[in-house]
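Residue numbers (this note's numbering): 153 to 463.
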């Protein structure tokens with residue numbers, strides 16, 4: 153459940169007096185994490201408290217349609233927080249990292265112009281990297297960033313992903329995927345790239361000719377493949393975040409949300425507040441009220457150590 157509370161406006165007031173200091177940059181919060189870790193939840197939590205708006209950085213959620221399969225945030229879950237770059241693209245169109253940089257840069261400028269805090273959230277880390285490194289849009293010269301990373305141990309996250317796929321099936325994932333089935337379709341472009349679409353291709357091809365037992369087996373196999381491919385995506389996303397931090401030197405603050413995702417509903421809400429929300433609010437508040445970039449850092453295990461921990 154997303155916790156909604158009245159926003160506490162944050163306004164960055166520029167000093168119009170002449171000063172020897174360089175002009176201050178606008179502030180951007182970036183929420184990173186693998187699929188299923190709670191990025192949308194945290195971004196909305198922060199937006200409701202810091203007068204923010206969310207800029208979607210998921211390259212599949214930019215497309216219109218497949219709301220269940222792409223796990224788009226609902227109107228109720230958004231708590232009235234404006235979301236940009238969400239569900240606006242033609243499902244058949246191609247949306248590249250260059251397109252994302254152009255659109256996201258415009259969205260950030262719009263949010264800042266209205267004196268709100270932009271919060272970039274999404275799992276397409278290569279798109280976020282492209283935006284931050286973009287010389288064309290001068291990201292580094294315009295913005296200081298606070299990077300928050302929602303981390304969850306892989307065994308727990310894999311279980312969360314599996315359970316989430318089961319919920320998606322109950323919500324109509326199979327019928328949603330059926331709408332995009334095309335025997336001659338291309339699964340390398342547009343929304344049909346989404347995990348949860350190509351996995352059902354063979355099932356849709358043979359279901360009209362197969363007996364009930366075969367249909368059941370193939371359907372379960374397709375659902376299993378969705379789970380496996382989602383878990384593989386999570387691993388790739390984790391590797392990307394670690395590369396951004398360890399190789400590129402991004403100053404990323406790690407928040408361990410493992411306990412918040414594996415406890416029951418009541419305990420989970422308490423753990424989320426204590427382990428994720430409250431530390432995040434302190435970090436973001438300090439970031440927004442202090443001139444300069446993110447001043448926080450914390451030690452993160454290496455890929456080797458993480459791999460050893462899940463054996």
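All C-beta atoms in this analysis are idealised placements derived from N, C-alpha and C, irrespective of residue type, glycine included.
These numbers were taken from a predicted model, which means no experiment stands behind them.
Residue i and residue j closer than 7 Å at C-beta
i, j, result
"residue 324", "residue 220", "yes"
"residue 256", "residue 207", "yes"
"residue 413", "residue 319", "no"
"residue 286", "residue 209", "no"
"residue 222", "residue 304", "no"
"residue 300", "residue 183", "yes"
"residue 243", "residue 401", "no"
"residue 225", "residue 192", "yes"
Straight-line gap, residue i to residue j (C-alpha atoms, nearest Å)
i, j, result
"residue 352", "residue 336", "14 Å"
"residue 253", "residue 281", "10 Å"
"residue 388", "residue 197", "26 Å"
"residue 350", "residue 329", "8 Å"
"residue 407", "residue 442", "21 Å"
"residue 278", "residue 411", "28 Å"
"residue 311", "residue 423", "18 Å"
"residue 236", "residue 259", "7 Å"
"residue 361", "residue 367", "9 Å"
"residue 421", "residue 348", "29 Å"
"residue 444", "residue 177", "8 Å"
"residue 345", "residue 212", "8 Å"
"residue 439", "residue 202", "11 Å"
"residue 238", "residue 358", "34 Å"
"residue 249", "residue 364", "43 Å"
"residue 185", "residue 399", "17 Å"
"residue 433", "residue 302", "14 Å"
"residue 393", "residue 383", "16 Å"
"residue 378", "residue 274", "19 Å"
"residue 326", "residue 340", "20 Å"
"residue 288", "residue 295", "14 Å"
"residue 331", "residue 356", "11 Å"
"residue 338", "residue 247", "15 Å"
"residue 194", "residue 322", "25 Å"
"residue 397", "residue 369", "42 Å"
"residue 419", "residue 293", "43 Å"
"residue 251", "residue 333", "26 Å"
"residue 230", "residue 315", "22 Å"
"residue 425", "residue 415", "13 Å"
Three-way DSSP call (helix, strand, coil) for residue i in this model
i, result
"residue 177", "coil"
"residue 235", "strand"
"residue 218", "coil"
"residue 325", "helix"
"residue 227", "helix"
"residue 444", "coil"
"residue 251", "helix"
"residue 356", "helix"
"residue 349", "coil"
"residue 415", "coil"
"residue 341", "coil"
"residue 310", "helix"
"residue 210", "coil"
"residue 368", "helix"
"residue 289", "coil"
"residue 197", "helix"
"residue 264", "helix"
"residue 363", "coil"
"residue 277", "helix"
"residue 424", "helix"
8 Å contact criterion, which residue i and residue j should meet: CB distance rounded
i, j, result
"residue 270", "residue 205", "6 Å"
"residue 477", "residue 297", "No answer is possible for residue 477: the residues shown for the chain start at 153 and end at 463."
"residue 405", "residue 435", "6 Å"
"residue 199", "residue 313", "Rounded, the Cβ-Cβ distance is 25 Å, inconsistent with contact."
"residue 375", "residue 428", "With a Cβ gap of about 29 Å, residue 375 and residue 428 do not count as contacting."
"residue 264", "residue 241", "Between residue 241 and residue 264 the Cβ distance is about 23 Å, and since that is not below 8 Å, they are no contact."
Residues sharing a beta bridge with residue i, DSSP
i, result
"residue 270", "205"
"residue 433", "Beta-bridge pairing links residue 433 to no other residue."
"residue 408", "303"
"residue 182", "272, 299"
"residue 241", "215"
Within-7 Å CB hit, residue i to chain C
i, result
"residue 226", "Chain labels in this structure do not include chain C; a single protein chain is all it has."
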